[in-house]
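Residue -19 is where the sequence shown starts when you use the working numbering, and the numbers rise one by one after that.
All residues carry an ideal CB built from backbone N, CA and C; glycine is no exception.
Only one structure is covered here, and it is reproduced in the block below.
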Amino acid sequence: MGEDAMRAMRTGLYVAFAGAASLLPSFAQAQTVGGITREEVERARPAQPPRTGGAGLTVDSDFERAPCPLAAPQYQGVTFELREVQIDGLRGIAPDLLRPAYADLIGKTVSVAGICDIRDRAATILRREGYLAAVQVPPQRIENGIVRLDALVARLAGVQVRGQAGRSEPLIAAYLRKIQQQEVFNIRDAERYLLLARDIPGFDVRLVLRPAGNPGEVIGEVAVTRVPIEADAFVQNLGSRSAGRWGGLARVQLNGLTGLGDRTSLSFFSTADFEEQQVIQAGHSFKLGSEGLTLSGDFSYAWTRPDVNLGPGNELRARTLSAFADISYPFIRSQSANLFGSVGINVINQDVDFKQGTGASFAAFQRDRLRVLFARVDYDAIDPRSVASTSGFSLAEPRWRTAGSIELRQGVDLNASEPCNGSLNCRLSRQAADPTAFVARAAALVEYRPRPGLTFSIAPRVQYAPDPVLSYEQFSVGNFTTGRGYDPGALSGDSGLGFQSEVRFGSLLPRTIDGFAFQPFGFADLGIVWNDFPQIGQGSPERLWSVGGGVRAAWGQRARLDVTLAAPLNRTPIQPERDVRLLVTLSTRLLPWRR
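Listed below in structure tokens is the structure:
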């Protein structure tokens, strides 16, 4: 096809779409002809593992509360007026921290046996603040109402590493030095660095404290286990009919190749029909320093030839490149709460070509170039009491869990596409779009378990863009986001709002390493999108609803099966039917098979 003919065809299509949009804004969806959604391109990226997880921190020491000799009955009748309590041996811990242990007794008459209660209160405060400590009542003569106590606060005298740390041993040692440099051992401070050590890909680090030779000193025994290679795969049927319902992904992750706390990931996704859609992905991340700073890079490339009815011999093909480079830092790192911040750049190139007629060659139809700077904050927290796995709750299934993220994205003119500015020969996916537009995104998750085995969950997500954006930056709803039962990108808009809500029954944690667990659930999804049009302003919101239910099954830590029956409740411009969908996802860990 000649360039003049191609330009005429593109002009005719855009005029038709623009005219339809002025009558019915939903037809703006048609401007993303042939493209695939952001979620389909980036599905191969390794998911961030849950950060609220077990720290592997266990404490075994001789700092248990000893019997108090003054609690004997003969001391109950011996009283005095308490004027002050002096606590020695705090090693830099502020004395005012322990004042609540006795402040309400100052100026009052107390029994000698009551000194034991003060001792126990002080020890409780120290432990609550994360210190490994014991408080003792030394032999003394109480004069002028002044009582003396001795605090025995643990100090980490040394660290012994057991296991094979490989090339990452210097990095693990750097985290452990942070713990050893503390004047006194504090579990909260140690928890941060132990979790950062466990964040090193492929490593599990556990610390046990044992008494050393001198009073108040402990030795840290660190057990390190390493998994150099991880592999997983999944098969699912969440795709659209045009781009392929069924698809599968295989991924391998190589840990610790350079000794910098690094991970290299390689993956490949394909639909059952190899000509419909494929995605390749490669990524690498590594640690900088000993405070958890992480530098990451990721590259994804997708190509698709959707099976759409464009007339005899007419075809579309799309190619999408998405590359990330970012740096992240853990501002808060603990078992019960985490706060991470990251900044980076996202480069997107998306090409759509069109072939008119059998024997014709493909010609350029759409060309999008995006360069986006972004800043992101991620937060998650769980019920602190569930960390101790009491009352039937656990780290994996706590009484409550919250998570949220906020991302600000600003397009920049670094070899990005030029705006159309009214030109009908423009090759952008959306003529009104601004390649340097600003986009704000947010997502959240709230889970609550009134009792073990019953979970209520809601997951909202939102996007706001004050100006029209290119198709890749649009807020889309469908199987991969919000709106189970709808094709990916069933609705898309410059701004949007989505909700996923579920009620789950039972636990998805098998009782044994080779056991099975089943969790039935029901859901309701809602998605709303808005598009901006320069001629008429913001269009009317478009909505979709879906409801359904299913069951999730787990086989140890090896495999998981999700089966969902989803019923769309309304039609969309590109999905006029409301057929009930049976959605299936089977995922399995291939290496290590047993862990």
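Determine the extent of the alpha helix (DSSP H) in which residue i is found, giving its start and end residues.
i: Ala174; result: Per the sequence shown, residue 174 should be read as Leu rather than Ala. Its alpha helix (DSSP H) spans residues 167 to 178.
i: Asp97; result: 94 to 108
i: Ile159; result: 149 to 160
i: Glu197; result: It is not in any alpha helix (DSSP H) - Glu197 instead sits in the beta strand (DSSP E) that spans 197 to 206.
i: Val164; result: Unbroken run through Val164: none, as it is neither H nor E.
i: Arg464; result: Per DSSP, Arg464 belongs to no alpha helix (DSSP H) and is neither H nor E.
i: Arg18; result: 18 to 22
With a threshold of 8 Å on Cβ separation, who are the neighbours of residue i within its own chain once the five nearest residues in sequence on each side are excluded?
i: Ser472; result: Gln9, Thr12, Thr17, Ser451, Gln454, Phe455, Ser456, Val457, Val509
i: Cys96; result: Cys48, Leu50, Ala51, Val117
i: Phe460; result: Thr17, Glu19, Glu20, Arg23, Leu218, Pro468
i: Arg63; result: Ile86, Gly87, Asn124, Gly125, Ile126
i: Arg(-13); result: Model confidence at Arg(-13) stands at a pLDDT of 43, short of 50, so the residue's coordinates are unreliable; what they give is reported in the following sentence. Closer than 8 Å at the Cβ level, and outside the excluded window around Arg(-13), lie Asn405.
Have a look at the DSSP bridge pairing and note the partners of residue i.
i: Asn459; result: DSSP lists no partner for Asn459.
i: Glu482; result: Ser437, Phe503
i: Ile508; result: Leu477, Arg523
i: Asp360; result: Asn318, Ala383
i: Gly263; result: Ser245, Asp278
i: Arg491; result: Per DSSP, none; premise fails for Arg491.
i: Ser451; result: None; Ser451 has no bridge partner.
i: Asp542; result: Arg532, Thr565
i: Tyr111; result: Asn166
i: Phe183; result: Arg206
i: Pro548; result: Ser526
i: Gln54; result: DSSP, once it has assigned bridges, lists no residue as partnering Gln54.
i: Gln555; result: Thr552
i: Arg142; result: Ala203
i: Ile347; result: Strictly speaking, residue 347 in this sequence is Arg, with Ile absent from that position. Arg347 pairs with Asp331.
Would you say residue i touches the ligand NAP, meaning its beta carbon is less than 7 Å from a heavy atom?
i: Gly339; result: This structure simply doesn't include the ligand NAP, nor any ligand for that matter.
Let me know if residue i comes out buried or exposed under the rule of 16 or more other beta-carbons within 10 Å of its beta-carbon.
i: Pro118; result: exposed
i: Thr274; result: buried
i: Gly227; result: buried
i: Val21; result: buried
i: Thr238; result: exposed
i: Glu295; result: buried
i: Pro430; result: exposed
i: Ile159; result: buried
i: Gly236; result: buried
i: Leu562; result: exposed
i: Val204; result: buried
i: Asn289; result: exposed
i: Gly263; result: buried
i: Ser6; result: Annotation note: pLDDT 37 at Ser6 (below 50); position unreliable, coordinate value reported separately. With 16 or more Cβ atoms within 10 Å of its Cβ, Ser6 is classed as buried.
i: Val560; result: exposed
i: Ile493; result: exposed
i: Asn194; result: exposed
i: Val449; result: buried
i: Leu506; result: buried
i: Thr89; result: exposed
i: Gly433; result: exposed
i: Thr462; result: buried
i: Gly502; result: exposed
i: Glu163; result: exposed
Please report the residue range of the beta strand (DSSP E) in which residue i lies.
i: Ile312; result: 295 to 313
i: Lys335; result: 317 to 335
i: Gln66; result: 64 to 68
i: Val127; result: 126 to 133
i: Arg561; result: 561 to 571
i: Glu61; result: 59 to 61
i: Pro119; result: Looking at the DSSP string, Pro119 is not in any beta strand (DSSP E), and its letter there is neither H nor E.
i: Ser270; result: Note, Ser270: premise wrong, no beta strand (DSSP E); not H, not E.
i: Thr89; result: 89 to 91
Tell me which residues share the same chain as residue i and place their Cβ nearer than 6 Å to its Cβ, disregarding the 5 neighbours each side in the sequence.
i: Ser475; result: Gln443, Tyr444, Ala445, Trp510
i: Gly613; result: Outside the displayed span of the chain (-19 to 575) sits residue 613, for which this structure offers no information.
i: Ser437; result: Glu427, Glu482
i: Phe485; result: Pro500
i: Ile362; result: Thr32, Ser316, Pro378, Arg381
i: Arg349; result: Asn329, Ala396, Ser397
i: Ala(-4); result: Caution applies to Ala(-4), whose pLDDT of 35 falls short of 50 and renders its modelled position unreliable; the model cannot decide the point.
i: Asp68; result: Asp130
i: Leu106; result: Ala113
i: Pro521; result: Ile508, Trp510
i: Ile325; result: Ala305, Leu353
Quick one: what's got a C-beta closer than 7 Å to residue i's C-beta in the same chain, skipping five residues either side?
i: Asp393; result: Thr416
i: Ser577; result: Because the chain here runs from -19 to 575, residue 577 falls outside it and cannot be looked at.
i: Ala547; result: Gly465, Ser526, Val527, Gly528, Val560
Completely contained beta strand (DSSP E) runs for the region 211 to 260, where each covers 3 or more residues
227 to 235, 243 to 251
### Contained alpha helix (DSSP H) runs [length at least 4] in the region 363 to 446, N- to C-terminal order
none
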